[in-house]
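Asker: Below is the structure I would like to discuss, written out as structure tokens.
Following this line, the structure appears as structure tokens:
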């Protein structure tokens, strides 16, 4: 158990269900050794056993769960916002692959990953699922930095043994497997930063490699992250590469790397049709919805309303550097925005996402991949943000929901007054504050 | 002539054409009494007569023209980000009209407008076309605050005499005309803040009122701003209200309030068809493209590529509070984003906007409504931003264009080191720095 025990007093807001918020003005949120013991509307209602805990007065501030980023690429942070005129496959060749190849150089990786981790520490996300590169030393370095950052992450050494440049591609399936096993042995000791198996996507992974990764998955009981149905050219390519698969997702499923017993996140799902949605639903696959990336790379708009109606587990992803912004607040407002455009542009029966739904996706929806995370109900891990209302405040009174709405759209890192992860105030000790400079 | 004379040294970037940037690393930008005398790549190439001017060293910083917001509603700033689940007509009834009615109270207007103007002073926009409310005192107050802010603005007292709540609607066309004439007489003395005639939109203005406004326009030689073809329900309503008009724009044109001799900005144009585009082209009407508002109010995506191909004058608008963010950097990245989605969602022959195009729209495109504004070519009014690169910088070298790209996507008010308007450093003296608090 991490974290101390205390009470936060302030205006508390979290998702009860995908469509409803719990709010308490001047409420009390109890943390016991890193876990929430619940929210109480008056001090006298706090159970006697917790009434002696130190009470931290955050009156007038909004207290919400930490945000969860289900999908981002650590080595792409350096070039975010650049090359936004290309679509997925050309963008990978022109920007992502050449940049990722540089992480062979551990000193480059150190400079780049330190800057990323410092940036993440200042932002509102408390949990992240992260792609590294194929390189074992750089991925271990990233995990080391994250472990000491206070953030709770799942990080994957990427696997790719085909259809990618020599400078980045692993020589063959056997060597990719060996490197993965080496990585897994070396990152066992971390408490906050855990390994997640990361086949890049079907076009990058031979069948031989997928079979080996499946064996590793079973042996270590690992979760899995990858990409599915992001872009039309990619989807057509996968159809050629895996003609026997009934849909893109099935190309993972036939190697037992698509849900079922295996906790799995699939990013994008822009072009997931009924068959793929049904398969994700049956096998409990998580969707990482990455609206900004899907705009920037001209991918399209994912049918999130259909996912929700089908009962899928959905969270949000920044997908840096397909997406530019690391903050999941931005992913929330973008998710609402693209859902409106999707309806405008033809999907008349798909209602736009509400604020409540977008907030749910970015907290409890994605958080559930980490267990009891993303809520303040008793028993949930205590990840919390204490937020200041973005200035200037309007000259009229605001409800807690309206204040949340303003924070989602208008806040930046200056609005974050305190951050707790598993009950520990951030930044965790031992990590040097960033100076904002890489060179 | 305002402004002093000086030279700025730094990395300079401005639009030459809609599709090309001028860039000069370590260049020299000469300002003489508020006007650009051009950019020179070496000190020795600066004309002798300017070589004695004080040189302000901004080495390593990016120097770009100030940004131009062609469309925003001052009284809506207070509730930006709220009520984003409604479409235009319901949103007007529920949020915009009731809020605007409060500006009858001058003390409310003072609180709200001070906060807006302080916010604008901290942002990257240097020129704005602004809607006030129907109220003469509040609109004069807004102009007074803006006049002393240093910003150069066109501001309109809004006209509306039908189809709006009693609390806001002007009693009849005659009284709307009288109030407009009173306002125009009282705001004649401002140097930086000029009047622009502002019939709200066709549904709010009777034919009688439009005829009177047309007479005022001719008498005072005023420019005009309004809305056109924003939302499908609105467009259908205008068809009912003006059955004799050949398109929505023609409903303004038949009162001579749609370009021709009258400098005119029309916001949105989401549903402008071939006929309306041709009419705007013939009459030189400016389009204020407001991508974020068009997302938030589920309006749709304007066919900007078609406007550009038709040779229309196009600028960007924040449309606060249909839009949330005042910065035209955000409008640039949103404009690129929605142009990609428009193509994804069916308009296969409409190429997405490039960075160069979006930057042009937000500087020189909109700036031309103000005259020689939005560029650093000799003879242009000297509006400039000195920008710091958003941190952290990547661990590789960046071109000037790439630095601009990062600024468009990732900068915030902290990135603005200096701002000049007509050669005067901002904030202009005499305006109290904001404390960020309204209450």
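Residue numbers (this note's numbering), protein chains in the order written: chain E, 877 to 1315; chain F, 877 to 1315. The C-beta atom is built at its ideal place from N, Cα and C for all residues, glycine as well.
#1: Taking C-beta to C-beta, are residue 1139 of chain F and residue 1099 of chain F nearer than 8 Å?
#2: On the CB-based measure, 16 or more other CB atoms within 10 Å of its CB, does residue 896 of chain F come out buried or exposed?
#3: If you reduce the DSSP assignment to three classes, tell me which class residue 941 of chain F lands in.
#4: Could I get the ranges of all uninterrupted beta strand (DSSP E) runs contained in the segment 1115 to 1202 of chain E, with 3 residues as the minimum, in chain order?
#5: Which term fits residue 978 of chain E, buried or exposed, when burial requires 16 or more other beta carbons within 10 angstroms of its beta carbon?
#6: Run through DSSP, which three-state label would residue 1064 of chain E get?
#7: Can you name, in chain order, every residue of its own chain whose Cβ lies under 7 Å from the Cβ of residue 1266 of chain F, other than the five neighbours on each side?
#8: Considering only the alpha carbon of each residue, which of E:1105, E:1039 and E:1005 lies closest to residue 1124 of chain E?
#9: How would you list, in chain order, the residues of chain F whose beta-carbon sits under 7 Å from the beta-carbon of residue 1206 of chain E?
#10: Of the residues E:1021, E:936, E:958 and E:1280, which one's Cα is nearest the Cα of residue 989 of chain E?
#11: Taking the C-alpha atoms as reference points, what is the distance between residue 908 of chain F and residue 1109 of chain F?
#12: Touch check for the segment 991 to 999 of chain E and the segment 969 to 977 of chain E: three-plus C-beta pairs under 8 Å?
#13: Would you check if the segment 1197 to 1205 of chain F and the segment 1218 to 1234 of chain F touch, i.e. whether three or more CB-CB distances between them fall below 8 Å?
#14: Which of the three DSSP states, helix, strand or coil, is assigned to residue 964 of chain E?
#15: Helix, strand or coil for residue 913 of chain E? Go by DSSP, reduced to three states.
#16: Closest Cβ-Cβ distance between residue 1224 of chain E and chain F: below 8 Å?
#17: Express the C-alpha separation of residue 1071 of chain E and residue 1150 of chain E in angstroms, rounding to a whole number.
#18: Going by other Cβ atoms of all chains shown within 10 Å of its Cβ, with 16 needed for buried, is residue 982 of chain E buried or exposed?
#19: Residues in the segment 998 to 1029 of chain F with C-beta within 9 Å of chain E's C-beta atoms, listed in sequence order?
#20: Quick check on residue 969 of chain E: buried or exposed, where buried means 16 or more other Cβ atoms within 10 Å of its Cβ?
#21: Under three-state DSSP, which class holds residue 1227 of chain E?
#22: For residue 901 of chain F, which residues in the same chain have their Cβ closer than 7 Å to its Cβ, ignoring the five residues on either side in sequence?
#23: Could you give the C-beta distance for residue 1263 of chain F and residue 943 of chain F, rounded to a whole number, given that I count them as a contact under 8 Å?
#24: If the criterion is Cβ atoms closer than 8 Å, does the pair residue 1114 of chain E and residue 1079 of chain E meet it?
#25: Please state if the CB of residue 926 of chain E and the CB of residue 906 of chain E are separated by a distance shorter than 8 Å.
#26: Any beta carbon of chain F sitting closer than 8 Å to that of residue 1104 of chain E?
#27: Using a C-beta cutoff of 8 Å, does residue 987 of chain E count as contacting chain F?
#28: When the Cβ atoms of the segment 999 to 1013 of chain E are set against those of the segment 1024 to 1036 of chain E, are three or more pairs found closer than 8 Å?
#29: As a quick exercise: from F:1180, F:1144, F:1181 and F:1170, pick the residue whose alpha carbon is nearest that of residue 1164 of chain F.
#30: With DSSP as the reference, label residue 1110 of chain E as helix, strand or coil.
#31: Of all the beta strand (DSSP E) runs that stay within the bounds of the segment 1028 to 1087 of chain E, which reach a length of 3 or more residues?
#32: Assess contact between the segment 1041 to 1061 of chain E and the segment 1083 to 1097 of chain E, defined as three or more Cβ pairs (one per stretch) separated by less than 8 Å. Is contact present?
#33: On the DSSP bridge assignment, give the partners of residue 903 of chain F in chain order.
#34: Who are the Cβ neighbours of residue 1301 of chain E in its own chain at under 8 Å, not counting the five residues just before and after it?
#35: Assuming residue 971 of chain F contacts residue 958 of chain F under a Cβ cut-off of 8 Å, what Cβ separation, rounded to an integer in Å, is found between them?
#36: Here's the rule I'm using: 16 or more other beta-carbon atoms within 10 Å means buried, otherwise exposed. How should residue 1187 of chain E be labelled?
Answerer: Answer, in terms of the structure:
#1: Judged by their CB atoms, residue 1139 of chain F and residue 1099 of chain F are nearer to each other than the 8 Å cut-off.
#2: exposed
#3: strand
#4: Runs of the beta strand (DSSP E) lying entirely within the segment 1115 to 1202 of chain E, each at least 3 residues long, are 1140 to 1144, 1162 to 1165 and 1189 to 1192 in chain order.
#5: buried
#6: coil
#7: 1282, 1283, 1286, 1287 and 1291
#8: E:1105
#9: What residue 1206 of chain E touches in chain F: nothing, since even the nearest Cβ is about 11 Å away.
#10: Relative to the Cα of residue 989 of chain E, the nearest Cα in the group E:1021, E:936, E:958 and E:1280 belongs to E:1021.
#11: 50 Å
#12: no
#13: no
#14: Three-state result, residue 964 of chain E: helix.
#15: strand
#16: no
#17: Residue 1150 of chain E and residue 1071 of chain E have their C-alpha atoms spaced approximately 31 Å apart.
#18: exposed
#19: For the segment 998 to 1029 of chain F, which is checked against every Cβ of chain E, not one residue is closer than 9 Å.
#20: exposed
#21: coil
#22: 887 and 1276
#23: Contact doesn't hold; Cβ gap of about 11 Å is too wide.
#24: Yes, Cβ-Cβ distance for residue 1114 of chain E and residue 1079 of chain E is below 8 Å.
#25: yes
#26: no
#27: yes
#28: yes
#29: F:1144
#30: helix
#31: Counting only runs of at least 3 residues, the segment 1028 to 1087 of chain E fully encloses the following beta strand (DSSP E) elements, listed from N- to C-terminal order: 1028 to 1032 and 1069 to 1071.
#32: yes
#33: F:886
#34: Around residue 1301 of chain E: 1294 and 1295.
#35: 7 Å
#36: exposed
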